[in-house]
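Asks:
In this note's numbering, the protein residues as written are 3 to 217.
#1: So, with DSSP's three-state summary, where would you put residue 117?
#2: Is the Cβ-Cβ distance between residue 104 and residue 128 less than 8 Å?
#3: Taking all protein chains shown into account, do 16 or more other C-beta atoms lie within 10 angstroms of the C-beta of residue 99, making it buried, or fewer, making it exposed?
#4: Which word fits residue 108, buried or exposed, when buried means at least 16 other C-beta atoms lie within 10 angstroms of its C-beta?
#5: Which residue or residues does DSSP assign as beta-bridge partners of residue 99?
#6: Can you list the alpha helix (DSSP H) stretches of 4 or more residues lying completely in the segment 39 to 69, in chain order?
#7: Alpha carbon to alpha carbon, how far is residue 79 from residue 55?
#8: Where does the unbroken beta strand (DSSP E) through residue 31 begin, and where does it stop?
#9: For the alpha helix (DSSP H) holding residue 85, just list the boundary residues, first then last.
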């Protein structure tokens, strides 16, 4: 993982940052890894996004989990600082995988004015709070061979009016990251290079999830 003539890479104690050098757009992605997953597992994903002109910052979770309130506040303070101190980026997307998705949702709940979009990948969260009043775009990505949570557990009725649900057919939990290992997972039939994303029409979402359990 080294810088090149097309991308500058900074890997320090709290982030891995990828900045395009030839042509940079005014939108950027902040990404929270899954719990106990090596942040480097998401480097291939970050490089593909950076190759299209977008800055990507993988923010490392304290102790790779950010479980305590103090650890979460440390993470959120770093993220807020990254956003507010970057004068070249006008639009921010906040995203996270699994535990990182739960943390991304919690950050956006309190700091929605700082970001333009939220992406939740491979997570049943948020469970403890309602995001339906958010004015930003919210997308949830679900792996059909996840093995850790069912479709009904992932999509909550209260989220229907705010989420653009996306199904990834055939892939598994660790296909979200190239080398991340999580206990008790299912193995997917696709890797991240083969994933094709497509939004489900609103009416189909309503029919599919109208019988799900409430949170």
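Just so it is clear, CB atoms sit at the ideal spot from N, CA and C, and this is done for glycine as well.
Given the structure is predicted, the values throughout are model-derived calculations rather than measurements.
Replies: This is what the structure holds:
#1: One-based indexing of the chain shown puts residue 117 at position 115. Three-state DSSP puts residue 117 in coil, outside helix and strand.
#2: Counting from 1 along the chain shown, the entry for residue 104 is found at position 102. Counting from 1 along the chain shown, the entry for residue 128 is found at position 126. In contact: residue 104 and residue 128 (Cβ atoms closer than 8 Å).
#3: Counting from 1 along the chain shown, the entry for residue 99 is found at position 97. The residue in question, residue 99, is buried, as its Cβ has 16 or more Cβ neighbours within 10 Å.
#4: As a position in the chain shown, residue 108 is number 106, starting the count at 1. By the neighbour-count rule (16 or more Cβ atoms within 10 Å), residue 108 is buried.
#5: Start at 1 with the first residue of the chain shown, and residue 99 comes out as number 97. DSSP output for residue 99 lists 123 as bridge partner(s).
#6: 45 to 52
#7: Residue 79 sits at position 77 when you count from the first residue of the chain shown. Residue 55 sits at position 53 when you count from the first residue of the chain shown. Rounded to the nearest angstrom, the two C-alpha atoms are 26 Å apart.
#8: On the chain shown, residue 31 is found 29 positions in, with the first residue counted as 1. Residue 31 -> beta strand (DSSP E) spans 29 to 34.
#9: For the purposes of this step, residue 85 is taken as the residue at position 83 of the chain shown. Segment 71 to 86, the alpha helix (DSSP H) holding residue 85.
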